[in-house]
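Down below is the structure, laid out as structure tokens.
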Ligand SMILES: Cc1cc2nc3c(=O)[nH]c(=O)nc-3n(C[C@H](O)[C@H](O)[C@H](O)COP(=O)(O)O)c2cc1C
């Protein structure tokens with residue numbers, strides 16, 4: 033079979049996944065209209081990705097504490113109180129009905145990359161260290177589009193979190209992880225990449241603290257280590273808890289690949305189930321949203337060589353390269369993000385031998401610009417993106433068979 037490596041099953045912890053393709057986490061802003069609660073468009077969007085044949089859907093970042101939710105990226109799914117759970121549970125059932133596993137990406141917060149609607153400084157590692165995205169760091173196509181609106185993008189003011197605050201935020205996050213288990217997700221991915229709060233603690237560029245959370249690498253990783261420990265302690269034994277990390281910050285004084293390999297090994301010792309790698313931050317935005325294919329493969333391989341848990345690689349849109357990266361052992365799975373906006377049927381088409389029929393993402397940053405302007409994402413290549421709720425093929429059918437009465441984790 034062509035693309036044989038892609039269609040091999042894999043286990044993450046005890047969860048079997050039918051192939052190596054992940055619908056990557058992307059905030060679509062579709063939940064904005066319902067203030068962070070799952071709605072019909074959110075369900076239909078995920079139904080389309082699950083129906084398209086990927087083995088695993090990872091949701092967009094859902095904010096896991098009340099404080100995180102006060103500093104969103106415009107608007108996000110929420111997962112920190114019981115009222116969020118019925119909708120999230122329906123999202124899980126939808127992905128399962130359409131044949132895919134589903135993990136929730138749970139975020140401890142965005143730190144200096146979050147915005148307060150009322151102009152409050154963002155809780156971050158340190159006072160007075162905002163980010164700034166300059167045109168020099170933007171991929172060409174993005175620069176051409178975005179600098180029409182703003183020459184550079186300044187971040188909000190920051191406020192250093194107290195030690196008590198860090199620890200109570202972690203406790204609340206662990207309780208939210210329990211809620212995610214109750215919502216029947218197959219796993220949890222802790223969101224710490226792309227210069228968000230977890231990475232801000234890792235980075236000497238944003239972390240200027242002199243207490244136990246700043247200074248040496250051991251201190252800078254303490255925020256993530258304690259978060260992982262508390263989360264794993266809160267979920268049933270063996271329940272998969274993975275993490276998303278940027279392999280390298282790619283900025284002066286940023287956290288480096290060598291340091292991140294040490295972090296990866298430490299997290300493996302703590303029983304993290306997998307690492308979903310990415311790269312960069314808002315400041316190093318050409319790594320976060322690459323303008324070219326497969327630029328992070330060497331970094332995925334560096335993680336792969338450092339740990340023995342599964343590694344998910346990012347931003348490879350060409351199916352031949354995806355297959356090669358997996359068959360050469362440079363990563364175990366690949367997450368399709370903008371490629372999946374452009375064509376949710378990417379996996380099914382590749383499996384059926386129709387790789388040439390894929391609607392290819394042009395990496396033109398139209399979706400990213402919409403997102404940064406607070407508008408629901410759209411795609412030139414797929415005009416159905418955002419309209420899935422009107423498409424009956426993405427509705428759950430009546431009379432589903434085999435509904436279990438007991439929640440999975442009580443069986
Ligand atoms: C509109 C948009 C929203 C995103 N939201 C998230 C998110 O919630 N969590 C996350 O880890 N990555 C997020 N990403 C990053 C993607 O998962 C992915 O790492 C990035 O787009 C590069 O991969 P690609 O070339 O396949 O798009 C987002 C990307 C886009 C375009």
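Residue numbers (the numbering used here): 33 to 443.
Even glycine gets a Cβ: it sits at the ideal position worked out from N, Cα and C.
Considering only the alpha carbon of each residue, which of the options lies closest to residue i?
i           : options               : result
residue 24  : 88, 263 and 399       : Given a span of 33 to 443 for the chain in the structure shown, any question on residue 24 remains unanswerable.
residue 64  : 361, 406, 422 and 415 : 406
residue 401 : 43, 61 and 79         : 61
residue 291 : 301, 302, 303 and 278 : 278
residue 119 : 424, 344, 217 and 326 : 217
residue 136 : 91, 123, 178 and 95   : 91
residue 483 : 268, 220, 157 and 232 : Residue 483 is absent from the structure shown; the chain starts at 33 and stops at 443.
residue 308 : 322, 368, 71 and 314  : 368
residue 320 : 227, 416, 423 and 210 : 227
residue 266 : 185, 184 and 205      : 205
residue 334 : 146, 357, 51 and 261  : 357
residue 71  : 55, 86, 109 and 45    : 109
residue 201 : 151, 220 and 143      : 143
residue 81  : 40, 293, 55 and 263   : 55
residue 348 : 378, 341, 342 and 191 : 378
residue 58  : 40, 105 and 160       : 105
Any heavy atom of ligand 1 closer than 7 Å to the beta-carbon of residue i?
i           : result
residue 409 : yes
residue 315 : no
residue 88  : no
residue 59  : yes
residue 439 : no
residue 123 : no
residue 93  : yes
residue 335 : no
residue 392 : no
residue 400 : yes
residue 56  : yes
residue 368 : yes
residue 321 : yes
residue 40  : no
residue 282 : no
residue 208 : no
Does DSSP classify residue i as helix, strand or coil?
i           : result
residue 192 : strand
residue 247 : coil
residue 91  : strand
residue 419 : coil
residue 366 : strand
residue 407 : coil
residue 142 : coil
residue 318 : helix
residue 234 : helix
residue 107 : coil
residue 202 : helix
residue 216 : coil
residue 391 : coil
residue 398 : helix
residue 60  : coil
residue 359 : helix
residue 412 : coil
residue 174 : helix
residue 372 : helix
residue 209 : helix
residue 36  : coil
residue 354 : helix
residue 113 : coil
residue 66  : helix
The alpha helix (DSSP H) with residue i in it runs from where to where?
i           : result
residue 224 : Residue 224 -> not in any alpha helix (DSSP H); beta strand (DSSP E) instead, spanning 219 to 224.
residue 297 : 289 to 301
residue 126 : 117 to 129
residue 154 : Segment 154 to 156 is the beta strand (DSSP E) holding residue 154; no alpha helix (DSSP H) there.
residue 380 : 378 to 383
residue 331 : 329 to 338
residue 72  : 72 to 83
residue 259 : 254 to 266
residue 424 : Note, residue 424: premise wrong, no alpha helix (DSSP H); not H, not E.
residue 101 : 98 to 101
Looking at the unbroken beta strand (DSSP E) that takes in residue i, where does it start and where does it end?
i           : result
residue 53  : 53 to 55
residue 345 : 343 to 346
residue 274 : 273 to 278
residue 48  : 47 to 49
residue 44  : 42 to 44
Per DSSP, which residues does residue i bridge with? Please list them.
i           : result
residue 137 : 93 and 221
residue 309 : 277
residue 183 : None; residue 183 has no bridge partner.
residue 165 : 185
Does residue i get closer than 8 Å to chain D when you measure Cβ to Cβ?
i           : result
residue 249 : This model lacks chain D altogether; it includes just one protein chain.
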